[in-house]
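*Asks:* Have a look at the structure that comes next, please.
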Amino acid sequence: MKGLIVVFVLGGILFIGSSCAKQETFREYDSEKRALNLQDSFDYDHKESKVFTQNELLADVKLSGIDTVWELDCSTSDFLDINYHSENKAGEFKVILVKPNHKVETLFENTDKGTKKKKMPAGKNYIRIIGNQSDAAFGIKYQVGKQTKIIMNQVKDNYQAPN
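To convert, count from 1 in the sequence shown and add 102; that's the working numbering.
Quick look at the structure:
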C-alpha cells in the first residue's frame, strides 16, 4: 500500500512539474542584428488568429522568438498607415518594421494603442512580431499604396482563409 501511495505522489509531482514548464527565453529580443536576419525562429505555446487578411491581423499569442507576418514589396517608396492595439500580460512583445536599408523600427511594444504613419523605402519591407515569453493579444490594421505588393505569412498553422 505504501508503495502505491509513493507511486501516486511521484506521479503527481512529475505531472505538476511538467505542466509548469514555461517557454524558452528569447535572448535576442532586443537584437537589431537578429531582427535583420529574416530567418524566422519561434516557439508558440499558443496562437490563435481571429482575423488574418492582407492588411489586418487580430491574434492572441504566447510567443518566444521572431516571426514574419507580412512582406511589403514596394516598387517605389511608400507609406505604411497603421492602426494598432496590444495587451501583453507577461514577458516582452513588440511588432517591428524591417526596411531594405537595414533599418529596424519598433511599431509598438508590450501594451500600447495608437496610429502611426511610417515611410518605407523601395524594396522589401517586413512586419515582424517578436516575443520573449510573451502572452499578448493584439490587433494590427494597415494600408499601403497600390504600388506595394503584400505577401502574407501564416501566423496560425491551421488558419483557414474565408472562401
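Yeah, the Cβ is synthetic: ideal placement off N, Cα and C, and Gly gets one too.
No experiment lies behind these values; they were computed from the predicted model shown.
(1) Using DSSP bridges, identify the partner residues of H148.
(2) With a floor of 3 residues, list each beta strand (DSSP E) that falls wholly inside the stretch 184-214, ordered by position along the chain.
(3) Keeping to the same chain, check which residues put their C-beta closer than 6 Å to that of N185; ignore five residues upstream and five downstream.
(4) At the level of alpha carbons, what is the spacing between S236 and L159?
(5) Can you name, in chain order, every residue of its own chain whose Cβ lies under 6 Å from the Cβ of V233, other than the five neighbours on each side?
(6) Look up R129 in the DSSP assignment and say whether it is helix, strand or coil.
(7) With a CB to CB cut of under 6 Å and the five nearest residues on each side skipped, what residues in its chain are close to D162?
(8) Taking the beta strand (DSSP E) that K243 falls in, what are its first and last residues?
(9) Anyone know if the C-beta pair for R129 and I168 falls short of 8 Å?
(10) Quick check on DSSP: helix, strand or coil for L138?
*Replies:* The answer reads as follows:
(1) Paired residue(s): K164.
(2) Counting only runs of 3 or more, we get 194-200 and 206-211.
(3) Spatial neighbours of N185 in its own chain (CB-CB distance under 6 Å, excluding positions within 5 residues in sequence) are listed in chain order as T217 and K243.
(4) Linking S236 to L159 through their CA atoms gives a straight-line distance of about 17 Å.
(5) A small correction: the amino acid at residue 233 is Gly; Val does not occupy that position in the sequence shown. So the qualifying residues of the chain are L165, S166 and F195.
(6) It is coil, neither helix nor strand.
(7) For D162, where only same-chain residues beyond five positions count, the Cβ hits under 6 Å are E150 and A239.
(8) That run of the beta strand (DSSP E) goes G225 to Q245.
(9) Annotated as distal: R129 and I168, with beta-carbon spacing of 8 Å or more.
(10) DSSP places L138 in helix when its eight states are reduced to three.
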